[in-house]
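Okay, so here's the structure we're looking at.
4 protein chains.
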Amino acid sequence: MKSITAYAKKREEIHQNRGRMLISCPDRPGIVAAVSKFFSEQSANIVQSDQYSMDPEGGMFFMRIEFDLDNLANRLEGLKKHFGTIAESFMMDWSMHLAARKKKLAILVSKEDHCLLELLWQWQAGDLYADIEMVISNHEDMREQVESFGIPYYYVPVTADTKKEAEQKHLELISGKVDTIILARYMQIISPYFLQHYPNQIINIHHSFLPAFVGGKPYAQAYNRGVKLIGATAHYVTEELDGGPIIEQDVQRVSHRDNVDELKRIGRHIERIVLARAVKWHVEDRILVYQNKTVVFV
Amino acid sequence: MKSITAYAKKREEIHQNRGRMLISCPDRPGIVAAVSKFFSEQSANIVQSDQYSMDPEGGMFFMRIEFDLDNLANRLEGLKKHFGTIAESFMMDWSMHLAARKKKLAILVSKEDHCLLELLWQWQAGDLYADIEMVISNHEDMREQVESFGIPYYYVPVTADTKKEAEQKHLELISGKVDTIILARYMQIISPYFLQHYPNQIINIHHSFLPAFVGGKPYAQAYNRGVKLIGATAHYVTEELDGGPIIEQDVQRVSHRDNVDELKRIGRHIERIVLARAVKWHVEDRILVYQNKTVVFV
Amino acid sequence: MKSITAYAKKREEIHQNRGRMLISCPDRPGIVAAVSKFFSEQSANIVQSDQYSMDPEGGMFFMRIEFDLDNLANRLEGLKKHFGTIAESFMMDWSMHLAARKKKLAILVSKEDHCLLELLWQWQAGDLYADIEMVISNHEDMREQVESFGIPYYYVPVTADTKKEAEQKHLELISGKVDTIILARYMQIISPYFLQHYPNQIINIHHSFLPAFVGGKPYAQAYNRGVKLIGATAHYVTEELDGGPIIEQDVQRVSHRDNVDELKRIGRHIERIVLARAVKWHVEDRILVYQNKTVVFV
Amino acid sequence: MKSITAYAKKREEIHQNRGRMLISCPDRPGIVAAVSKFFSEQSANIVQSDQYSMDPEGGMFFMRIEFDLDNLANRLEGLKKHFGTIAESFMMDWSMHLAARKKKLAILVSKEDHCLLELLWQWQAGDLYADIEMVISNHEDMREQVESFGIPYYYVPVTADTKKEAEQKHLELISGKVDTIILARYMQIISPYFLQHYPNQIINIHHSFLPAFVGGKPYAQAYNRGVKLIGATAHYVTEELDGGPIIEQDVQRVSHRDNVDELKRIGRHIERIVLARAVKWHVEDRILVYQNKTVVFV
Numbered sequence: 001m002k003s004i005t006a007y008a009k010k011r012e013e014i015h016q017n018r019g020r021m022l023i024s025c026p027d028r029p030g031i032v033a034a035v036s037k038f039f040s041e042q043s044a045n046i047v048q049s050d051q052y053s054m055d056p057e058g059g060m061f062f063m064r065i066e067f068d069l070d071n072l073a074n075r076l077e078g079l080k081k082h083f084g085t086i087a088e089s090f091m092m093d094w095s096m097h098l099a100a101r102k103k104k105l106a107i108l109v110s111k112e113d114h115c116l117l118e119l120l121w122q123w124q125a126g127d128l129y130a131d132i133e134m135v136i137s138n139h140e141d142m143r144e145q146v147e148s149f150g151i152p153y154y155y156v157p158v159t160a161d162t163k164k165e166a167e168q169k170h171l172e173l174i175s176g177k178v179d180t181i182i183l184a185r186y187m188q189i190i191s192p193y194f195l196q197h198y199p200n201q202i203i204n205i206h207h208s209f210l211p212a213f214v215g216g217k218p219y220a221q222a223y224n225r226g227v228k229l230i231g232a233t234a235h236y237v238t239e240e241l242d243g244g245p246i247i248e249q250d251v252q253r254v255s256h257r258d259n260v261d262e263l264k265r266i267g268r269h270i271e272r273i274v275l276a277r278a279v280k281w282h283v284e285d286r287i288l289v290y291q292n293k294t295v296v297f298v
Numbered sequence: 001m002k003s004i005t006a007y008a009k010k011r012e013e014i015h016q017n018r019g020r021m022l023i024s025c026p027d028r029p030g031i032v033a034a035v036s037k038f039f040s041e042q043s044a045n046i047v048q049s050d051q052y053s054m055d056p057e058g059g060m061f062f063m064r065i066e067f068d069l070d071n072l073a074n075r076l077e078g079l080k081k082h083f084g085t086i087a088e089s090f091m092m093d094w095s096m097h098l099a100a101r102k103k104k105l106a107i108l109v110s111k112e113d114h115c116l117l118e119l120l121w122q123w124q125a126g127d128l129y130a131d132i133e134m135v136i137s138n139h140e141d142m143r144e145q146v147e148s149f150g151i152p153y154y155y156v157p158v159t160a161d162t163k164k165e166a167e168q169k170h171l172e173l174i175s176g177k178v179d180t181i182i183l184a185r186y187m188q189i190i191s192p193y194f195l196q197h198y199p200n201q202i203i204n205i206h207h208s209f210l211p212a213f214v215g216g217k218p219y220a221q222a223y224n225r226g227v228k229l230i231g232a233t234a235h236y237v238t239e240e241l242d243g244g245p246i247i248e249q250d251v252q253r254v255s256h257r258d259n260v261d262e263l264k265r266i267g268r269h270i271e272r273i274v275l276a277r278a279v280k281w282h283v284e285d286r287i288l289v290y291q292n293k294t295v296v297f298v
Numbered sequence: 001m002k003s004i005t006a007y008a009k010k011r012e013e014i015h016q017n018r019g020r021m022l023i024s025c026p027d028r029p030g031i032v033a034a035v036s037k038f039f040s041e042q043s044a045n046i047v048q049s050d051q052y053s054m055d056p057e058g059g060m061f062f063m064r065i066e067f068d069l070d071n072l073a074n075r076l077e078g079l080k081k082h083f084g085t086i087a088e089s090f091m092m093d094w095s096m097h098l099a100a101r102k103k104k105l106a107i108l109v110s111k112e113d114h115c116l117l118e119l120l121w122q123w124q125a126g127d128l129y130a131d132i133e134m135v136i137s138n139h140e141d142m143r144e145q146v147e148s149f150g151i152p153y154y155y156v157p158v159t160a161d162t163k164k165e166a167e168q169k170h171l172e173l174i175s176g177k178v179d180t181i182i183l184a185r186y187m188q189i190i191s192p193y194f195l196q197h198y199p200n201q202i203i204n205i206h207h208s209f210l211p212a213f214v215g216g217k218p219y220a221q222a223y224n225r226g227v228k229l230i231g232a233t234a235h236y237v238t239e240e241l242d243g244g245p246i247i248e249q250d251v252q253r254v255s256h257r258d259n260v261d262e263l264k265r266i267g268r269h270i271e272r273i274v275l276a277r278a279v280k281w282h283v284e285d286r287i288l289v290y291q292n293k294t295v296v297f298v
Numbered sequence: 001m002k003s004i005t006a007y008a009k010k011r012e013e014i015h016q017n018r019g020r021m022l023i024s025c026p027d028r029p030g031i032v033a034a035v036s037k038f039f040s041e042q043s044a045n046i047v048q049s050d051q052y053s054m055d056p057e058g059g060m061f062f063m064r065i066e067f068d069l070d071n072l073a074n075r076l077e078g079l080k081k082h083f084g085t086i087a088e089s090f091m092m093d094w095s096m097h098l099a100a101r102k103k104k105l106a107i108l109v110s111k112e113d114h115c116l117l118e119l120l121w122q123w124q125a126g127d128l129y130a131d132i133e134m135v136i137s138n139h140e141d142m143r144e145q146v147e148s149f150g151i152p153y154y155y156v157p158v159t160a161d162t163k164k165e166a167e168q169k170h171l172e173l174i175s176g177k178v179d180t181i182i183l184a185r186y187m188q189i190i191s192p193y194f195l196q197h198y199p200n201q202i203i204n205i206h207h208s209f210l211p212a213f214v215g216g217k218p219y220a221q222a223y224n225r226g227v228k229l230i231g232a233t234a235h236y237v238t239e240e241l242d243g244g245p246i247i248e249q250d251v252q253r254v255s256h257r258d259n260v261d262e263l264k265r266i267g268r269h270i271e272r273i274v275l276a277r278a279v280k281w282h283v284e285d286r287i288l289v290y291q292n293k294t295v296v297f298v
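Residue numbers (the UniProt record's numbering), protein chains in the order written: chain W, 1 to 298; chain D, 1 to 298; chain X, 1 to 298; chain C, 1 to 298.
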């Protein structure tokens with residue numbers, strides 16, 4: 001069902017020999033020079049480079065590089081090996097990715113379909129460059145719609161008593177097949193056991209402008225407080241409820257006329273846009289996490 | 001020093017015979033008909049009418065009317081008297097104002113001048129239709145600037161020990177001369193004793209998107225949480241710290257590159273815009289307060 | 001396929017006896033009083049009333065009223081008849097609608113599916129309170145998707161030579177079945193003959209911030225001019241290309257990094273949001289047109 | 001009168017040994033490596049680097065670097081000389097700046113004071129890191145206010161007949177003293193003769209969202225077209241009226257209620273914010289111009 005748009009096709013070509021690199025390390029002189037010398041020696045062309053220094057004196061340094069190199073798919077492992085020496089001398093946390101190798105997503109969803117549908121639509125339109133490997137839900141409601149996109153749909157019911165079994169089932173489904181998990185309004189709390197398998201790989205959309213209105217029923221909370229803007233927040237999931245590193249947020253104006261139902265309706269539009277942006281940045285390797293905050297190179 | 005702009009002059013003319021009315025009451029059929037019949041019988045012309053019903057079945061009803069009536073200044077008291085009967089039968093909380101009678105403001109400020117300057121500039125430009133009767137500060141820093149606008153400046157130092165005396169001094173300065181108090185980044189907490197004299201007449205600007213980051217150092221809090229938007233909130237002051245009815249809020253996008261100093265710089269622009277909007281709505285009798293929330297007819 | 005959400009169900013109930021009225025007339029004293037007296041005499045309860053006076057002295061006056069009246073469906077015609085006398089004495093252009101009577105839409109679309117999909121989703125979610133009677137396209141591409149929503153899809157090819165026949169075919173399809181036509185990225189110009197049958201009933205989405213970038217390839221135009229924000233505009237269609245009354249506009253920030261393809265991608269999100277808002281306001285009788293401009297009561 | 005804030009003081013320190021470099025050249029492999037090798041060899045530390053490639057195959061490449069180097073003020077000329085060889089081999093357009101060397105501004109203004117006041121405030125607050133050498137006006141109105149900031153004010157009247165003499169007078173005033181000219185609502189057209197002396201050094205604020213509403217009375221034009229958002233545009237001045245490279249734009253929502261006076265009032269806030277941002281980016285060497293468009297590294 002997925003049509004290959006002209007836009008998507010063009011991107012496939014660009015991605016063929018494109019690599020991406022993410023680096024975090026203590027700042028000190030010479031990092032950029034060492035890294036760019038490395039790529040120059042490999043005859044790779046740096047086509048995009050972003051960096052951020054928290055503080056040139058003793059802070060952290062973050063870098064993202066996009067580069068082109070002929071025959072990259074076959075040369076990537078060698079490249080990584082060569083880079084190891086530089087990485088070590090600068091005490092780098094780093095990763096190198098083939099742009100053409102799409103991230104593999106599992107989307108978890110409960111009863112609200114708007115965030116899921118947005119991701120499916122952006123995927124179908126070629127805007128979300130990733131493979132959606134499966135949708136998992138604790139309800140059957142969206143099976144037909146999801147399967148019409150040619151995507152497997154797994155129904156894993158969850159009750160207070162079967163929470164552990166359900167998570168075990170999730171792990172079995174995704175293990176080895178998925179590297180990023182999207183909670184697209186999935187209304188179950190993820191256990192620490194599960195989280196430790198996917199650090200900074202689980203993205204949740206919370207339907208408020210965090211840290212305002214943590215926890216349940218944020219639109220009712222917002223209504224009761226009488227705020228004049230409502231928002232949504234996409235973040236990596238950590239053990240602290242709604243407390244993980246924020247990836248993206250946005251808001252929209254509301255007024256006294258908007259009751260809780262209206263806030264929900266308006267909020268749905270913010271949620272799906274915010275989540276889709278966060279997922280897009282994640283699958284394009286644009287996000288670095290440091291001390292519960294994100295550096296996003298857009 | 002204040003120049004009368006063409007815009008301000010036009011408004012003076014319009015305001016001459018313009019009245020404004022605010023009504024809150026339990027909703028029930030016939031309110032609008034009774035009110036508009038009243039104005040029709042007085043030969044007043046309704047030029048603007050806004051209303052909001054929380055719930056036609058048993059909710060509250062809010063209304064704001066602007067009307068024109070010849071010789072209004074002399075007839076206002078009579079008009080109020082006549083309206084009393086209608087008001088009583090519908091159990092209305094209500095007020096009627098002569099648009100030409102400007103609200104009298106006292107602005108309290110500490111060391112940050114941006115919110116004060118914005119109000120002074122909007123006042124000078126004729127955008128803020130009010131009389132700024134005085135500026136009171138616990139510092140001497142802004143005397144020269146304020147006095148250059150022809151506005152009295154009172155220096156009332158405050159220490160932990162003299163808090164009570166300082167407030168007493170404030171009350172003496174404003175008593176009988178002022179009907180609205182603006183806390184334009186005034187960094188002292190107002191006592192319950194003071195508050196009860198000015199219910200819904202004290203407007204504060206808090207430098208965060210409430211209810212996020214209540215209390216001190218909100219920009220440092222925002223930086224530490226890694227939010228992607230920062231905001232400001234104008235609200236009426238109540239006994240609960242940063243907990244009063246929100247009048248207006250706005251936000252602006254920030255990124256990982258913005259340290260606390262940058263957040264403050266960006267935030268200053270949001271603060272002054274948000275406070276100025278709230279003050280404008282207040283002096284134009286556009287705000288009704290009900291159960292710690294505002295209805296703002298803009 | 002359309003699920004009835006709790007939100008939609010609640011609205012059905014509210015709409016049952018709800019009426020809406022739109023009025024335009026020369027301003028003069030007594031209009032509001034006469035109108036509200038009328039509703040009061042009919043024992044109707046005004047639950048929302050908005051008005052706007054261009055200029056109390058000799059300008060136009062615009063009003064929108066929502067009212068509740070028992071058994072409204074059966075009494076609407078009688079109500080209209082009674083109102084005729086008032087309407088005449090104030091020289092009113094006016095209309096009265098039963099909220100429960102949904103507007104009937106035809107959506108015309110070419111090859112870009114995002115605006116159509118947004119409307120289908122919002123309709124399915126119960127946010128768009130209207131009947132989508134049919135989708136008409138000059139391409140076959142979206143048949144399967146549209147039909148999966150249970151909506152008829154008509155393929156009417158258009159060439160330079162068959163433009164007239166195609167329009168005739170359109171008129172046959174919609175005549176008597178449809179009262180609002182949405183051009184959801186339909187890339188054919190509508191003839192004056194067609195337009196005169198549907199004055200202020202055809203809504204188009206133009207993919208620029210009008211009046212900037214009228215006509216073809218607006219994203220390429222925007223790229224070439226180097227604008228820092230791109231936008232979209234929903235407007236009623238008139239004989240002047242992209243010159244009809246503007247209903248809604250919105251924009252989003254772009255940068256030098258965004259090439260034409262990126263502008264299109266970003267623009268798609270603006271287009272669908274802007275069109276959906278305009279359609280929502282239209283089907284809720286919130287828009288009055290006067291001299292090529294709109295008054296929108298939201 | 002200018003107070004040195006803690007923020008400004010901290011920045012002075014940072015700026016002491018900070019340099020900035022701007023580069024435009026045809027893209028090809030090895031640019032980043034050559035540039036960063038150069039800085040590494042000079043023992044300079046790159047603290048910020050931004051780049052943009054229009055198209056890795058045959059497009060233009062743009063780069064901005066911030067670097068720290070001990071004793072930079074004395075070494076800058078030597079550094080430039082050394083860089084010449086690299087620059088030549090890559091056919092670079094380039095410039096290197098000492099961050100501590102403030103840009104010298106002349107502000108031209110007519111009768112509207114809001115844009116001027118915003119710049120004066122931001123300068124006074126330490127947010128605008130530049131020297132305002134003078135204000136020139138064709139009216140006397142703002143002399144007192146400007147001089148109270150300790151800034152020279154020159155009154156140069158302009159009539160249809162004296163346009164040429166006035167420009168000559170301007171050139172005399174600014175020649176050798178100023179490197180950037182800000183038209184802060186200066187309502188006179190600048191001659192090609194004047195422009196050629198200051199290419200990409202004259203910034204104008206136009207009170208519309210360009211390219212909509214070029215020329216005179218843009219708020220009246222916007223009102224007549226019935227737009228739902230109004231905007232402002234800061235751009236470098238070229239011979240084509242309102243046609244130069246756009247630096248920054250922003251918009252704000254308006255409604256049918258806003259008449260031309262209200263649009264002007266709302267617009268003033270957009271204008272001053274947009275102009276202030278553009279000036280800030282200019283004085284921080286963040287803007288490159290290429291083919292009537294800007295690359296802005298923020």
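We treat Cβ as the ideally placed atom computed from N, Cα and C, and that holds for glycine. Source: prediction; values computed, not measured.
Checklist entry - What did DSSP end up calling X/S36 once you bin it into helix, strand or coil? => result When DSSP states are grouped into helix, strand and coil, X/S36 belongs to the helix group.
Next on the checklist: Any beta carbon from chain C within less than 8 Å of X/P211's own beta carbon?
Outcome noted: Output row for X/P211: interface = yes.
Next on the checklist: Taking 8 Å as the limit between beta carbons, can you name the residues of its chain near C/I189, skipping five residues before and five after?
Outcome noted: Within the same chain, C/I189 has close Cβ partners L241.
Checklist entry - Taking C-beta to C-beta, are C/M63 and C/L76 nearer than 8 Å? => result Cβ atoms of C/M63 and C/L76: not closer than 8 Å.
Next on the checklist: Residues of chain W with CB closer than 7 Å to the CB of C/G30, please, in chain order.
Outcome noted: Residues of chain W passing the Cβ test: S40.
Next on the checklist: Can you pull the chain C neighbours of X/P245, defined as C-beta to C-beta under 7 Å?
Outcome noted: Per Cβ cutoff of 7 Å: G226.
Next on the checklist: Taking CB distances under 8 Å as the criterion, tell me whether C/R265 reaches chain D.
Outcome noted: Between C/R265 and chain D, the shortest Cβ-Cβ separation is below 8 Å.
Next on the checklist: Between the stretch 263-276 of chain D and the stretch 215-229 of chain D, can you find at least three pairs of beta-carbon atoms closer than 8 Å?
Outcome noted: A contact exists between the stretch 215-229 of chain D and the stretch 263-276 of chain D.
Item to check | Cα-Cα separation between D/K102 and D/D70, rounded to whole angstroms | outcome: Put simply, the backbone Cα of D/K102 is about 19 Å away from that of D/D70.
Item to check | Where W/L210 sits in the DSSP three-state scheme | outcome: Residue state, collapsed to three classes: coil.
Checklist entry - Relative to chain W, which residues along the stretch 143-175 of chain X have a C-beta separation below 9 Å, given in chain order? => result For the stretch 143-175 of chain X, the set of positions with a beta-carbon nearer than 9 Å to some beta-carbon of chain W reads E144, Q145 and S148 in chain order.
Checklist entry - Is the distance from the Cβ of D/V298 to the Cβ of D/Y129 below 8 Å? => result No Cβ-Cβ contact shorter than 8 Å links D/V298 with D/Y129.
Next on the checklist: Three Cβ pairs or more, each shorter than 8 Å: is that satisfied between the stretch 99-115 of chain C and the stretch 250-257 of chain C?
Outcome noted: They do not touch, by the three-pair rule.
Checklist entry - Using the C-alpha atoms, what's the distance from D/Y153 back to D/L173? => result C-alpha of D/L173 to C-alpha of D/Y153: approximately 11 Å in a straight line.
Next on the checklist: Give me the DSSP bridge partner(s) of X/Q51.
Outcome noted: Per the DSSP secondary-structure output, X/Q51 pairs in a beta bridge with X/M63.
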